[in-house]
Each structure stands twice: as C-alpha cells, then as structure tokens.
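Protein chains in written order, with my numbering: chain A, 1 to 75; chain B, 76 to 215. Quick notes on the structure that follows.
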C-alpha cells in the first residue's frame, strides 16, 4: 500500500543514512522500524505472569487429541 | 516473542503432553501473540474437554481465565494474506490465519500440529524444539 507521510527532514536524513549503511532499501528499513515499534508497544501491554489457573486433566491430554478436535472443527 | 496456536495455549492452562515445555517457554518468553480465530478454537477445545470430563463449571472458569490472558495478546492478521497462504500452502483458512500473523510479525508459529510441522518446517516449530533453541542462546 502506498501512503504519504510528512516527516521531519532530520529524521528522513537519519533513516536514509541508516538504509545506506545497512545496504537495504528505504522501504525495507521503514517496514522493519515500524514492525519493531509495534511489537514493542504491544509487548508493554502484556502481563508476564504465568496464568493463575493450571488445571490437571482427567484424561491423558495429548497433542493428537487436541489437534484432532481442531481438525474436526475445520472440516 | 512468538505466535502460539490453540494447541500450545491449551497446554499452558491444562496439564498434558506438552505442558511442561509450554510453561517453561512462557517463563522464558511471555510475549505470546495469537489471531482472534484462537477464541473459537479454544471454545471448541474446552467444550469437548468439558463434555468428556463432565465439568461445566470448571470449563467456564477456565474460559474466563483464558479470555483474560488473550485480551492483550490478540492481533488481527491480514485476511488477504491468509487467503493467499491457505491456497499456496494447501492449509485450512484457520491455519492460514496463524501463518499470516507469524509471517507479518516475522516470528515463528509455535504449534504441536504434526502435519504443519512436517510440511512447513521453515515457518513452524514445536514447543520442545523452540525451548531447546532458546536455552542454547542463553549465556552460561
């Protein structure tokens, strides 16, 4: 998708220099920087504690059993 | 940071074959992301488990806990990317949504689905293998 942004000159210069140093296109570098920024923002919102509930299963809970249920739902 | 599918999230909350790896993995990297399709999958897994165990109340409690856990962890994948991946890779539209999100974030998809692990070894990884790779990266 093409979009237009009005960015400060010094920021654009800095990004262009970085792209040249890393030998990647401006588009690639901008994509990486935006992805990194989004990841960092989402990460800050997530709690890091293990879930409070950890339930013993009364049946032997295997990957095959869980993925069997998932597969049935997809069909 | 990882993208986790419904099988891995289930093992985080319910004791089973891969729970030990899933919980260790969460301790090392608690930054899990999932697509919203996981809600439907979890509901289905809990409904089946609840029927087998005849425990409606327990499953309701578990569902509330899982919803709270997923709240800040969900990200919507691009549906067009999901559609393309489903057709290109021959996977279901459900599976393609996990793959689209992991592609977009450039993160591995953690799954215990053997078929996916087998046909897409570059895009998917099992909890044990991922845990091993993360522990190997840690300084002694």
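Cβ coordinates follow ideal geometry from the N, Cα and C atoms, glycine included.
(1) Output, in sequence order along the chain, the residues in the stretch 89-116 of chain B whose CB is closer than 9 Å to any CB in chain A.
(2) If you follow the beta strand (DSSP E) that residue 147 (chain B) is part of, which residue opens it and which one closes it?
(3) Please report the Cβ distance between residue 109 (chain B) and residue 145 (chain B), rounded to the nearest whole angstrom; I am assuming they are in contact, meaning their Cβ atoms lie under 8 Å.
(4) Here's the rule: buried if 16 or more other CB atoms are within 10 angstroms of the residue's CB, otherwise exposed. What is residue 206 (chain B)?
(5) Contact check, residue 15 (chain A) vs residue 5 (chain A) under 8 Å by CB: the rounded distance?
(6) For residue 198 (chain B), which residues of its own chain have a beta-carbon under 7 Å away from its beta-carbon, when the five flanking residues on both sides are left out?
(7) Of the choices B:138, B:131, B:154, whose alpha-carbon is the least far from that of residue 114 (chain B)?
(8) Should residue 188 (chain B) be labelled buried (16 or more other beta-carbon atoms within 10 Å of its own) or exposed?
(9) In this structure, what does DSSP give as the bridge partners for residue 107 (chain B)?
(10) Helix, strand or coil: which one does DSSP assign to residue 187 (chain B)?
(11) Using a Cβ-Cβ cut-off of 7 Å, state whether residue 24 (chain A) counts as contacting chain B.
(12) Which first and last residues belong to the alpha helix (DSSP H) in which residue 125 (chain B) is found?
(13) Give the interface partners of residue 181 (chain B) over in chain A, defined as CB-CB distance under 8 Å, in chain order.
(14) Using a C-beta cutoff of 7 Å, does residue 70 (chain A) count as contacting chain B?
(15) For chain B, is any of its Cβ atoms less than 7 Å away from the one on residue 40 (chain A)?
(16) Quick one: Cα of residue 76 (chain B) to Cα of residue 104 (chain B), how far?
(17) Alpha carbon to alpha carbon, what distance is there between residue 96 (chain B) and residue 69 (chain B)?
Let me lay it out:
(1) Result list: 89, 90, 91, 92, 93, 94, 98, 101, 102, 105, 106, 107, 108, 115, 116.
(2) Taken as a continuous stretch (DSSP letters only), residue 147 (chain B) belongs to no beta strand (DSSP E), as it is neither H nor E.
(3) Right, their Cβ atoms sit about 6 Å apart.
(4) Sixteen is the threshold: when 16 or more other Cβ atoms of the shown chains lie within 10 Å of the Cβ of residue 206 (chain B), as they do, the residue is buried.
(5) The pair is not a contact, with the Cβ atoms about 11 Å apart (cut-off 8 Å).
(6) So the list reads 174, 177, 184, once near-sequence residues are dropped.
(7) Nearest C-alpha to residue 114 (chain B): B:138.
(8) Buried, because 16 or more other Cβ atoms sit within 10 Å of the Cβ of residue 188 (chain B).
(9) BP columns for residue 107 (chain B) point to B:77.
(10) Look at residue 187 (chain B) here: in three-state DSSP terms it is coil, with no helix or strand label.
(11) Taking 7 Å as the threshold, the shortest C-beta distance from residue 24 (chain A) to chain B does not fall below it.
(12) 112-128 is the span of the alpha helix (DSSP H), which, as asked, contains residue 125 (chain B).
(13) By Cβ distance, chain A contributes 35.
(14) So, interface residue.
(15) No, no contact with chain B.
(16) Rounded to the nearest whole angstrom, the CA to CA distance from residue 76 (chain B) to residue 104 (chain B) is 6 Å.
(17) Any question about residue 69 (chain B) goes unanswered here, given that chain B covers just 76 to 215.
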